[in-house]
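full-length UniProt numbering applies: residue 1 is where the sequence shown begins, and numbers increase by one.
Note that CB positions come from ideal geometry on N, CA and C, so glycine has one too.
See below for the structure under consideration.
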Amino acid sequence: MANIFNTKLSNEQATVAFGAAIAASCFARTTLYLHGDLGAGKTTFSRGFIQFFGHSGQVKSPTYTLVESYQLFAWQIYHFDLYRLDNPEELEFIGIRDYFTPDALCLVEWPEKGKDLLPEPDLNITLKYDGKQRAVQVKTKTHAGYELIERLKWN
Numbered sequence: 001m002a003n004i005f006n007t008k009l010s011n012e013q014a015t016v017a018f019g020a021a022i023a024a025s026c027f028a029r030t031t032l033y034l035h036g037d038l039g040a041g042k043t044t045f046s047r048g049f050i051q052f053f054g055h056s057g058q059v060k061s062p063t064y065t066l067v068e069s070y071q072l073f074a075w076q077i078y079h080f081d082l083y084r085l086d087n088p089e090e091l092e093f094i095g096i097r098d099y100f101t102p103d104a105l106c107l108v109e110w111p112e113k114g115k116d117l118l119p120e121p122d123l124n125i126t127l128k129y130d131g132k133q134r135a136v137q138v139k140t141k142t143h144a145g146y147e148l149i150e151r152l153k154w155n
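So this is what it looks like as structure tokens:
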């Protein structure tokens with residue numbers, strides 16, 4: 001069972017398209033951890049993922065609110081940005097465990113700030129600068145994550 005997928009994204013449109021491709025492969029509750037430096041494309045990826053399900057408005061990073069929710073089709077999509085989180089215990093105050101439900105697709109930026117309060121991800125997605133493009137590495141962490149990558153239609 002291969003558990004690593006690598007690709008290159010040439011620009012913002014490719015990053016949005018990759019987010020949509022991952023979304024198109026989701027058929028069950030899915031948790032994605034998004035890793036990368038500031039400006040690496042985590043929110044751009046999230047925009048493609050969320051817009052795939054029909055959201056036509058702006059997708060912004062929930063840096064100050066910690067979470068943005070989107071009810072789209074049969075899914076509740078939660079986009080977390082934990083960058084400004086000072087203490088993982090703050091997640092208890094927002095009821096973090098209530099978000100990871102059977103009908104939820106969860107995108108978590110800066111998951112390392114949530115330490116042991118977050119569930120294991122199905123996929124760890126790391127975006128890094130590589131000149132003018134982005135290098136992306138996707139690591140499967142669960143059987144569901146592996147199946148998602150097997151369904152992925154990319155390049």
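What does DSSP give as the partner residue(s) for Y33 in the beta ladder?
V108, N124
Of all the beta strand (DSSP E) runs that stay within the bounds of the region 41-72, which reach a length of 3 or more residues?
67-72
Could you give the distance in angstroms between the alpha-carbon of H35 and the alpha-carbon of L82?
Each residue's alpha carbon lies about 11 angstroms from the other.
Over what stretch of residues does the alpha helix (DSSP H) that includes R134 continue unbroken?
No alpha helix (DSSP H) contains R134, which is instead part of the beta strand (DSSP E) from 133-140.
Restricting to Cα atoms, I'd like to know which of A24, L9, L32 is closest to T140.
L32
Neighbourhood of M1 by C-beta, 6 angstroms cutoff - its chain only, sequence neighbours within 5 removed:
Any reading at M1 must be qualified, since the residue scores a pLDDT of 48, below 50, and its modelled position is unreliable; the value itself is stated next. Cβ neighbours of M1 beyond the five flanking positions: Y146.
Three-state class that DSSP yields for M1 in the structure shown
Summary for M1: the model assigns pLDDT 48, below 50, so the residue's position carries little reliability; its value from the coordinates is reported in the next sentence. Under the three-state reduction of DSSP output, M1 falls in the coil class, being neither helix nor strand.
Span separating the alpha-carbon of L107 from that of F53
Taking the straight line joining both Cα atoms gives about 14 angstroms.
Spatial neighbours of E92 within its chain, please: C-beta separation below 8 angstroms, excluding the five flanking residues on both sides.
L117
Assign F80 to one of three DSSP states: helix, strand, or coil.
strand
Is the beta carbon of S56 less than 8 angstroms from the beta carbon of T43?
no
Buried or exposed: where does P10 fall if 16 or more other Cβ atoms within 10 Å of its Cβ makes it buried?
What sits at residue 10 in the sequence shown is Ser, not Pro. By the neighbour-count rule (16 or more Cβ atoms within 10 Å), S10 is not buried but exposed.
Which term fits R97, buried or exposed, when burial requires 16 or more other beta carbons within 10 angstroms of its beta carbon?
By the Cβ neighbour-count rule, R97 is exposed, with fewer than 16 other Cβ atoms within 10 Å of its own.
Check for me: the alpha helix (DSSP H) holding F93 runs from which residue to which?
Run containing F93: 90-93, per the alpha helix (DSSP H) assignment.
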